[in-house]
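**Student:** Structure below; questions to follow.
There are 2 protein chains.
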Amino acid sequence: MSTHAHDPGWRAHAHATLEREGFRAGAARGRVVDALARQDCCATAQEIADELRGDDARVGIASVYRALEVLDRLGLVHRLDVGDGTARYEAAHPGGEHHHHVVCNQCGRVAQFADDGLEQAIATLSQRLDFAIDQHDVVLRGSCPNCR
Amino acid sequence: MSTHAHDPGWRAHAHATLEREGFRAGAARGRVVDALARQDCCATAQEIADELRGDDARVGIASVYRALEVLDRLGLVHRLDVGDGTARYEAAHPGGEHHHHVVCNQCGRVAQFADDGLEQAIATLSQRLDFAIDQHDVVLRGSCPNCR
DNA sequence: GTGAATGCAAACTCTTTGCATGACT
DNA sequence: AGTCATGCAAAGAGTTTGCATTCAC
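This is the structure in structure tokens:
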């Protein structure tokens with residue numbers, strides 16, 4: 067699996083891509099990349115900012131949003147909404163490996179899952195649409211074990 | 067198909083459910099139900115309010131949100147986000163028939179599609195998760211015919 | 001030294017809430 | 001008549017933008 071936390075591969079890939087694209091190595095964006103590399107699932111901009119609060123220097127929320135916007139534009143992160151109206155972000159792996167999300171209707175907990183049959187079905191149906199599909203998101207909703 | 071615009075079945079069902087649940091027949095909520103029955107795909111609160119602007123009386127945006135909140139709680143509408151951060155709503159048919167959405171990355175156009183293989187895959191994978199799944203959303207992203 | 005990156009604060013958008021008025025039963 | 005429903009305006013929450021300062025190259 068390559069969707070583990072502490073993913074040094076993605077971290078290096080992201081930093082390399084940023085440099086290749088001509089971005090300077092500022093502190094804020096670098097820390098956001100590091101925070102995302104540490105995450106094993108999606109995080110909100112606020113959660114990322116809060117995590118960086120503990121470090122020696124503070125990172126402004128605006129810089130977090132700006133960094134995420136750049137990373138999203140470069141395809142390095144994936145932006146998603148699980149239904150609560152706040153955007154979440156997670157590292158996007160170059161190989162295309164990815165997962166989807168399950169949200170608990172009661173407590174709001176977000177978990178992840180991956181399923182080949184699902185990917186297969188999406189790949190197949192995408193071919194018959196008149197849109198040229200290059201991305202997809204699946205969000206399941208229900209009750210988590212604790213709330214059932 | 068029962069996902070056609072001008073769905074009198076859903077409209078009647080919604081009005082009946084509201085009455086059965088003890089809600090009074092106010093003008094604003096009634097008009098929101100009517101507007102949703104006319105929609106063939108998801109609409110934002112603002113779009114619904116704008117559509118009702120043309121009528122003889124005006125409907126406040128707050129009333130639209132309040133009506134949508136009630137309808138969502140009663141399971142009469144489905145709330146979804148296609149990625150732009152604004153909530154969209156569409157009639158939820160009691161039989162469970164539903165569709166999913168494709169969004170154009172360039173122009174933002176939202177279209178709908180339905181696929182049995184996809185539903186099948188989701189039903190199957192849902193059984194092996196530790197969450198009790200009762201709802202799902204799929205959003206595909208790509209380029210629409212006009213933007214390709 | 002030059003221009004990009006950052007942090008703060010203000011602006012913006014979407015959504016919710018408070019409150020007085022009006023409408024349904 | 002008694003409440004619920006509505007509209008307006010203000011408040012909240014999340015996100016974006018303006019601008020002066022700092023930092024990377």
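Line by line, the protein sequences are chains B and E. For the first sequence, the residue numbers in my numbering are 67 to 214. For the second sequence, the residue numbers in my numbering are 67 to 214. Ideal placement from N, C-alpha and C gives every residue a C-beta, glycine not left out.
(1) Measure from the C-beta of V168(E) to each C-beta in chain B and report whether the shortest distance is under 8 angstroms.
(2) Check D203(B) in the structure and name its three-state DSSP category.
(3) By Cβ distance below 7 angstroms, which residues in the same chain neighbour P160(B) in space, the five residues on each side in sequence not counted?
(4) Our contact map puts I127(E) next to A115(E) with C-beta atoms below 8 angstroms; I'd like the distance itself, whole angstroms only.
(5) Comparing the C-beta of V204(E) with each C-beta of chain B, is any distance below 8 angstroms?
(6) Who does F179(B) pair with in a DSSP beta bridge?
(7) What is the rounded straight-line gap between the Cα of G88(E) and the Cα of A157(E)?
(8) With a cut-off of 8 angstroms, does the C-beta of Q201(B) fall near any C-beta of chain E?
(9) Compute the distance between the beta-carbons of A123(E) and A93(E), then report whether it is under 8 angstroms.
(10) Quick one: does G151(B) have its CB under 8 angstroms from some CB of chain E?
(11) Which residues of chain E have a Cβ atom closer than 9 angstroms to the Cβ of A177(B), listed in chain order?
(12) Identify whether L191(B) lies in helix, strand or coil by the three-state DSSP scheme.
(13) Return the residue from the list F197(B), Q172(B) and Q186(B) that minimises the CA-CA distance to C173(E).
(14) Can you tell me where the alpha helix (DSSP H) with L142(E) in it begins and where it stops?
(15) Only counting the same chain, and skipping five residues up and downstream in sequence, which positions put a Cβ closer than 8 angstroms to that of T69(B)?
(16) Between R124(E) and chain B, is there a C-beta pair that is closer than 8 angstroms?
(17) By the criterion of Cβ-Cβ separation under 7 angstroms, what are the contact partners of P211(B) in chain E?
(18) Rounding to the nearest angstrom, what Cα-Cα distance links W76(B) and G149(E) in this structure?
(19) Given a threshold of 16 other Cβ atoms within 10 Å of its Cβ, counted over all protein chains shown, does D147(E) qualify as buried or as exposed?
(20) With a threshold of 8 angstroms between beta-carbons, can G88(E) be considered close to chain B, or not?
(21) Which residues in chain B have a C-beta closer than 8 angstroms to the C-beta of D181(E)? List them in chain order.
(22) Just to make sure I have the definition right: I need the residues of chain E whose C-beta is within less than 8 angstroms of the C-beta of D147(B). Which are they?
(23) Could you tell me which chain B residues have their CB closer than 8 angstroms to the CB of R95(E), listed as they occur along the chain?
(24) List the residues of chain E whose Cβ lies closer than 9 angstroms to the Cβ of R207(B), in chain order.
(25) Beta strand (DSSP E) containing A157(B): first to last residue?
(26) Measure the alpha-carbon distance for V219(B) versus L137(B) and round it to whole angstroms.
(27) Could you tell me which chain E residues have their CB closer than 8 angstroms to the CB of R214(B), listed as they occur along the chain?
**Tutor:** From the atom records:
(1) Residue contact with chain B for V168(E): present (Cβ-Cβ distance below 8 angstroms to some residue of chain B).
(2) In the displayed model, D203(B) falls within a strand according to three-state DSSP.
(3) Cβ neighbours of P160(B) beyond the five flanking positions: H79.
(4) Confirmed, Cβ separation roughly 5 angstroms.
(5) It does: the Cβ of V204(E) has a partner Cβ on chain B nearer than 8 angstroms.
(6) According to DSSP, F179(B) bridges with H166(B).
(7) Whole-angstrom Cα-Cα distance: 20 angstroms.
(8) By this cut-off, Q201(B) is an interface position.
(9) Between A123(E) and A93(E), the C-beta gap is smaller than 8 angstroms, which places the two residues in contact.
(10) Judged by the 8 angstroms Cβ criterion, G151(B) is in contact with chain E.
(11) Within 9 angstroms Cβ-Cβ: L195, D196 and F197.
(12) L191(B): helix per DSSP, three-state reduction.
(13) Of the candidates F197(B), Q172(B) and Q186(B), the one whose C-alpha sits nearest the C-alpha of C173(E) is F197(B).
(14) Note, L142(E): premise wrong, no alpha helix (DSSP H); not H, not E.
(15) Confidence at T69(B) is low in this model, with a pLDDT of 45, below 50, so the placement of that residue is unreliable and no value is reported for it.
(16) With its beta carbon at least 8 angstroms from every one in chain B, R124(E) lies outside the interface.
(17) What P211(B) touches in chain E: D196.
(18) Taking the straight line from one Cα to the other gives about 24 angstroms.
(19) With 16 or more other Cβ atoms within 10 Å, it is buried.
(20) G88(E) is outside the set of residues whose beta carbon lies under 8 angstroms from a beta carbon in chain B.
(21) Residues of chain B whose Cβ lies closer than 8 angstroms to the Cβ of D181(E) are, in chain order, A187 and L191.
(22) Neighbours of D147(B) on chain E, chain order: D147, G149 and G151.
(23) What R95(E) touches in chain B: nothing, since even the nearest Cβ is about 22 angstroms away.
(24) The contacting residues are F197, I199, D200, Q201, H202 and D203.
(25) Residues R154 to A157.
(26) Coverage of chain B is limited to positions 67 through 214, which leaves residue 219(B) absent and any answer about it impossible.
(27) From the beta-carbon of R214(B), the residues of chain E found nearer than 8 angstroms are A198.
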